[in-house]
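*Asks:* I'd like to ask you about the structure that follows.
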Amino acid sequence: MLKRLMILMMALVLGGPVWAQSGPLRLTITDGVIEPLPFAVPVFEAENAEASQLAADITRLVSQDLAGTGLFREVPASAYISQHSAFAQTVAYADWRAINAQALITGAVSVSGGQINVKFRLFDAFSGAEMGGGLQFAGTADGWRRMAHKVADAAYSRITGESGYFDSRVVFVAESGPKDNRLKRLAVMDYDAANLKFLTDSGSLVLAPRFSPTGDRVLYTTFESGFPRINVLDVATVGRRQLTTAAGEMAFSPRFSRDGTQVIYSLANGGNTDIYRSDLNSGSHVRLTEAPSIETAPSFSPDGSQIVFESDRSGSQQLYIMSGNGGEARRISFGEGRYGTPVWSPRGDLIAFTKQNAGRFHIGVMRTDGSEERLLTASFLDEGPTWSPNGRVIMFMRETQGAGGTSSLYSVDISGRNLKPVPVQGGASDPSWGPLQP
Amino acid sequence: MNILSKVAVIGLVLTTAACTRPDRFGAGAGDGAAGVGAVDPNAQAGLTGANDPNSPLFFNQTIGDRVLFRIDTSTLTEEGKSILNGQARWLQTNADYLAIIEGHADEQGTREYNIGLGFRRANAVREYLVSQGVPATRLRVTSYGKERPIQVCSAESCYAQNRRAVTVISIASLS
Chain A
10 MLKRLMILMM ALVLGGPVWA QSGPLRLTIT DGVIEPLPFA VPVFEAENAE
60 ASQLAADITR LVSQDLAGTG LFREVPASAY ISQHSAFAQT VAYADWRAIN
110 AQALITGAVS VSGGQINVKF RLFDAFSGAE MGGGLQFAGT ADGWRRMAHK
160 VADAAYSRIT GESGYFDSRV VFVAESGPKD NRLKRLAVMD YDAANLKFLT
210 DSGSLVLAPR FSPTGDRVLY TTFESGFPRI NVLDVATVGR RQLTTAAGEM
260 AFSPRFSRDG TQVIYSLANG GNTDIYRSDL NSGSHVRLTE APSIETAPSF
310 SPDGSQIVFE SDRSGSQQLY IMSGNGGEAR RISFGEGRYG TPVWSPRGDL
360 IAFTKQNAGR FHIGVMRTDG SEERLLTASF LDEGPTWSPN GRVIMFMRET
410 QGAGGTSSLY SVDISGRNLK PVPVQGGASD PSWGPLQP
Chain B
218 MNILSKVAVI GLVLTTAACT RPDRFGAGAG DGAAGVGAVD PNAQAGLTGA
268 NDPNSPLFFN QTIGDRVLFR IDTSTLTEEG KSILNGQARW LQTNADYLAI
318 IEGHADEQGT REYNIGLGFR RANAVREYLV SQGVPATRLR VTSYGKERPI
368 QVCSAESCYA QNRRAVTVIS IASLS
């Protein structure tokens, strides 16, 4: 008891996630130092013999998802006092408390004719109570990873009070070949790099794909004609067409509005780059900036009322916010160095960006008024942040230095913790994190 | 120009494009003329070699097909202007050629910004060539940003070569 109290006090002092309980289990995610919350996830019950491999695989993936956040850690099965081999069995709370498993996740898997069924329950060992009701997910056997992600999302969400991000996909640029002969093609994968699928071939240069809000379409820049243009790609059919933009010599850096009906992008004419908005339904185009400087990398606020973008109108790249209809812009970045690639967080409270200063690149976040700037990473070249659907994690690309330099994807908590590579095979850049799947 | 030498010139354009054009993958000028690629350029090299002031080789090698820029600028240097004077004279003499000016940036900078910066550089070249009498209708500009480095080290010696605008010429009838 004393130890638990002390941890609680430390957590309060340090501002880390507070998991020591006075009431029901609740992990409040805040900034600062963290002591991961211990959980146990005994291998899910295989309700029939065919399900045993899947039950083991799903259990392992649930654990990986949760532990991978850095907010949780798994209590190893070797520490278990009692087993929990049957889904319906009564939970021996004292045995889980004794090994300090704060949360207990149990499940069962059955397979029948290529269909699988996954059941899940979550228990708060210290309160001795179930958290939320049981859940059940059904699907085809090849979708087992998604069902594991859904179980982990449910556990994450019940414990933290925030939505999860495990059952989500990322569209990105898969890279191969040497630096002066690099091939790039669009690819999509699960958030954990599983189920990679190519969406284009490497016949022409493609850049910076951006998911639609529902994940059904992707906007990207293509050099098919030798001049940058924007394509819209249907993820399911892989069919693509050129976006009709306002007239310009080049169009690039597109992004959807949160309702998926508008696209904002950069259009270049006569050496000058400005931001435009096109309506996908009406086909109308509006010019949003009119400056002789480079205006690019626009990103809508979640409610669509504002746009954050970068401009070098002050003489160097900085971040600005303007109305969704254009007009006056206010500068929000004032620190040392150059700021680019701003992305509005899904919660609306933060802007993620790339910062270049003193020969280094950083991924950072700031509030929408430019205050509370925090740099989360530093390297030779970190660039292009994208938000997890719940706004807790940022994925970005990191490129290594020199002739053999390659690009890969990393993720980091907005607290700056838990920086780690996303295990994509081969080079990867320009990630765009899609929504939590239905 | 008889038919034979014109075919030879086309072959040479393709060859030099393959050597100097940083975009080896995009459609651009190269793909449109792919059907003529079978012509052996070396067989006729004597007719249109680098010594022939009207040859694409002369344009690419003797005059110089590219100009370089200082860090994060699109201002032409005096050296760049003198190269462009030569380019302008050549383009005026060889009126059946079109040019695509490709702007590039080094790897110091974010992707989108570098596309905008490369475009500024390409446009600076276009404006200068126009000021020297090349009809604007024969010039197009594009930008590859930092996507097509020709030198791969992460040092100023390489960056200086990558901050460039390359004038890629092609026969009008092929474009």
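These protein sequence lines map, in sequence, to chains A and B.
For reference, each letter of the first sequence is one residue, going 10 to 447 in the working numbering.
For reference, each letter of the second sequence is one residue, going 218 to 392 in the working numbering.
Here a beta-carbon is modelled for each residue, glycine too, at the ideal position from N, C-alpha and C.
Give the DSSP bridge partners of A/Phe389, in chain order.
*Replies:* Translated into positions along the first sequence, residue 389 of chain A becomes position 380. Beta-bridge pairing by DSSP links A/Phe389 to no other residue.
*Asks:* Which chain B residues sit within Cβ distance under 8 Å of A/Phe261?
*Replies:* Numbered from its first residue, the first sequence carries residue 261 of chain A at position 252. The answer, in chain order, is Glu329, Ile332.
*Asks:* Quick one: complete beta strand (DSSP E) runs, 3+ long, within the stretch 300–325 of chain A?
*Replies:* 304–309, 315–320
*Asks:* Does B/Pro273 get closer than 8 Å to chain A when you measure Cβ to Cβ?
*Replies:* Reading the second sequence from its first residue, position 56 is the one you call residue 273 of chain B. It does not: the Cβ of B/Pro273 has no partner Cβ on chain A nearer than 8 Å.
*Asks:* State yes or no: is the C-beta of A/Val120 within less than 8 Å of the C-beta of A/Ala60?
*Replies:* For the purposes of this step, residue 120 of chain A is taken as residue 111 along the first sequence, with counting starting at 1. For the purposes of this step, residue 60 of chain A is taken as residue 51 along the first sequence, with counting starting at 1. In contact: A/Val120 and A/Ala60 (Cβ atoms closer than 8 Å).
*Asks:* Exposed or buried, what is A/Gln145 when buried is set at 16 or more other beta-carbons lying within 10 Å of its beta-carbon?
*Replies:* For this step, residue 145 of chain A is matched to residue 136 along the first sequence. Exposed: under 16 other Cβ atoms inside 10 Å.
*Asks:* How about B/Ala341: is its C-beta nearer than 8 Å to some C-beta of chain A?
*Replies:* Position 124 of the second sequence, counted from the start, is the residue given in the question as residue 341 of chain B. Cβ-Cβ to chain A under 8 Å: yes for B/Ala341.
*Asks:* Could you check what DSSP says for A/Met140 in three-state terms: helix, strand or coil?
*Replies:* Along the first sequence, read from residue 1 onward, the residue named residue 140 of chain A stands at position 131. Of the three classes helix, strand and coil, the one that applies to A/Met140 here is coil, per DSSP.
*Asks:* Classify B/Ile288 as buried or exposed, calling it buried when 16 or more other Cβ atoms lie within 10 Å of its own Cβ.
*Replies:* Position 71 of the second sequence holds residue 288 of chain B. B/Ile288 counts as exposed, since fewer than 16 other beta carbons sit within 10 angstroms of its beta carbon.
*Asks:* In its own chain, which residues sit with a C-beta less than 6 Å from the C-beta of B/Arg283, not counting the 5 before and 5 after it?
*Replies:* Here residue 283 of chain B corresponds to residue number 66 of the second sequence, with the count starting at 1. Closer than 6 Å at the Cβ level, and outside the excluded window around B/Arg283, lie Arg381, Val383.
*Asks:* Please tell me whether A/Phe405 and A/Ile360 are closer than 8 Å, where the distance is taken between their beta carbons.
*Replies:* Counting from one through the first sequence, the residue named residue 405 of chain A turns up at place 396. Counting from one through the first sequence, the residue named residue 360 of chain A turns up at place 351. The Cβ atoms of A/Phe405 and A/Ile360 do not sit closer than 8 Å to each other.
*Asks:* Check distances from the C-beta atoms of the stretch 297–314 of chain A to those of chain B and list, in chain order, the residues that come in under 7 Å.
*Replies:* Ile303, Thr305, Ala306
*Asks:* DSSP three-state call for A/Phe132: helix, strand or coil?
*Replies:* Here residue 132 of chain A corresponds to residue number 123 of the first sequence, with the count starting at 1. In the structure shown, A/Phe132 sits in a strand (DSSP, three-state: E or B).
*Asks:* Looking at A/Gly224 and A/Val241, is the spacing between their C-beta atoms short of 8 Å?
*Replies:* Sequence index remark: in the first sequence, residue 241 of chain A carries index 232 (1-based). Sequence index remark: in the first sequence, residue 224 of chain A carries index 215 (1-based). Contact flag unset, no.
*Asks:* Would you mind stating whether A/Ala300 and A/Leu276 have Cβ atoms separated by less than 8 Å?
*Replies:* Against the first sequence, residue 300 of chain A aligns to sequence position 291. Against the first sequence, residue 276 of chain A aligns to sequence position 267. Their beta carbons are not under 8 Å apart, which means A/Ala300 does not touch A/Leu276 by this criterion.
*Asks:* Within 10 Å of its beta-carbon, does A/Ala306 have 16 or more other beta-carbons around it, so buried, or fewer, so exposed?
*Replies:* The residue you call residue 306 of chain A lines up with position 297 of the first sequence. Buried.
*Asks:* What is the DSSP secondary structure of A/Ile403, counted as helix, strand or coil?
*Replies:* By 1-based counting over the first sequence, the position of residue 403 of chain A is 394. A/Ile403 falls in the strand class under three-state DSSP.
*Asks:* Does the pairing of the stretch 342–350 of chain B with the stretch 261–269 of chain A give three or more beta-carbon distances under 8 Å?
*Replies:* The count of Cβ pairs closer than 8 Å, one atom from the stretch 342–350 of chain B and one from the stretch 261–269 of chain A, stays below three, leaving the stretches out of contact.
*Asks:* When you compare only the Cα positions, how much space is there between A/Gly186 and A/Thr415?
*Replies:* By one-based count along the first sequence, residue 186 of chain A stands at place 177. By one-based count along the first sequence, residue 415 of chain A stands at place 406. Approximately 9 Å between the Cα atoms of the pair.
*Asks:* Ends of the alpha helix (DSSP H) at B/Pro286?
*Replies:* Here residue 286 of chain B corresponds to residue number 69 of the second sequence, with the count starting at 1. According to the sequence provided, residue 286 of chain B is Phe. The question's Pro does not apply to it. Taken as a continuous stretch (DSSP letters only), B/Phe286 belongs to no alpha helix (DSSP H), as it is neither H nor E.
*Asks:* Select from B/Ser374, B/Leu356, B/Gln368 the residue whose C-alpha is nearest the C-alpha of B/Ala312.
*Replies:* Here residue 312 of chain B is taken as the residue at index 95 of the second sequence, counted from 1. Ranking B/Ser374, B/Leu356, B/Gln368 by Cα distance to B/Ala312 puts B/Leu356 first.
*Asks:* Whole angstroms are fine: how far does the CA of A/Tyr348 sit from the CA of A/Asn278?
*Replies:* If you number the first sequence from 1, residue 278 of chain A lands on position 269. If you number the first sequence from 1, residue 348 of chain A lands on position 339. Straight-line Cα distance between these residues: approximately 23 Å.
*Asks:* By alpha-carbon positions, which one of A/Arg154, A/His294, A/Thr37 ends up nearest to A/Gln62?
*Replies:* Taking the first residue of the first sequence as position 1, residue 62 of chain A is located at position 53. It is A/Arg154.
*Asks:* How many angstroms separate the CA atom of A/Met331 from the CA atom of A/Ser314?
*Replies:* Residue mapping note: residue 331 of chain A aligns to position 322 of the first sequence, counting from 1. Residue mapping note: residue 314 of chain A aligns to position 305 of the first sequence, counting from 1. Roughly 9 Å between the two C-alpha positions.
*Asks:* Counting only Cβ-Cβ distances shorter than 7 Å, please list the residues of the stretch 364–378 of chain B near chain A, keeping chain order.
*Replies:* Glu364, Pro366, Ile367, Val369, Cys370, Ser371
*Asks:* Straight-line CA distance for A/Tyr89 to A/Arg35?
*Replies:* Counting from 1 along the first sequence, the entry for residue 89 of chain A is found at position 80. Counting from 1 along the first sequence, the entry for residue 35 of chain A is found at position 26. Between A/Tyr89 and A/Arg35, the C-alpha separation is close to 23 Å.
*Asks:* Does the distance from the C-beta atom of A/Ser468 to that of B/Glu329 stay below 8 Å?
*Replies:* Outside the displayed span of chain A (10 to 447) sits residue 468 of chain A, for which this structure offers no information.
*Asks:* Contact defined as beta carbons within less than 8 Å: I believe A/Thr149 pairs with A/Gly170. What is the distance between those atoms, to the nearest angstrom?
*Replies:* Translated into the one-based positions of the first sequence, residue 149 of chain A becomes position 140. Translated into the one-based positions of the first sequence, residue 170 of chain A becomes position 161. About 31 Å; that fails the 8 Å criterion.
*Asks:* Using a Cβ-Cβ cut-off of less than 9 Å, give me the residues of the stretch 280–293 of chain B that come near chain A, in sequence order.
*Replies:* Asp289, Ser291
*Asks:* Any chance the stretch 416–433 of chain A sits against the stretch 390–402 of chain A, with 3 or more Cβ pairs inside 8 Å?
*Replies:* Yes, the stretch 416–433 of chain A is in contact with the stretch 390–402 of chain A.
*Asks:* Going along the chain, which residues of the stretch 409–423 of chain A sit with their C-beta nearer than 7 Å to a C-beta in chain B?
*Replies:* Contact annotation: in the stretch 409–423 of chain A, residues whose CB is within less than 7 Å of a CB in chain B are Gln410, Gly411, Ala412, Gly414.
*Asks:* Closer than 8 Å, CB to CB, is A/Pro237 near chain B or not?
*Replies:* Within the first sequence, the letter at position 228 stands for residue 237 of chain A. A/Pro237 counts as touching chain B.
*Asks:* Using C-beta distances below 6 Å, list every residue in its chain close to A/Gly393, excluding the 5 sequence neighbours before and after it, in chain order.
*Replies:* Along the first sequence, one-based indexing puts residue 393 of chain A at 384. The answer, listed in chain order, is Thr350, Phe405, Met406, Asp439.
*Asks:* Assign A/Arg130 to buried or exposed, taking buried as 16 or more other Cβ atoms, counted over all protein chains shown, within 10 Å of its Cβ.
*Replies:* Against the first sequence, residue 130 of chain A aligns to sequence position 121. A/Arg130 should be labelled buried.
*Asks:* Counting only runs of 3+ residues fully inside the stretch 406–433 of chain A, write out the beta strand (DSSP E) ranges in chain order.
*Replies:* 416–422
*Asks:* By DSSP's criteria, A/Pro47 is part of a beta bridge. Which residues make up the other side?
*Replies:* Numbered from 1 along the first sequence, position 38 holds the residue referred to as residue 47 of chain A. Looking at the DSSP assignment, A/Pro47 forms a beta bridge with A/Arg82.
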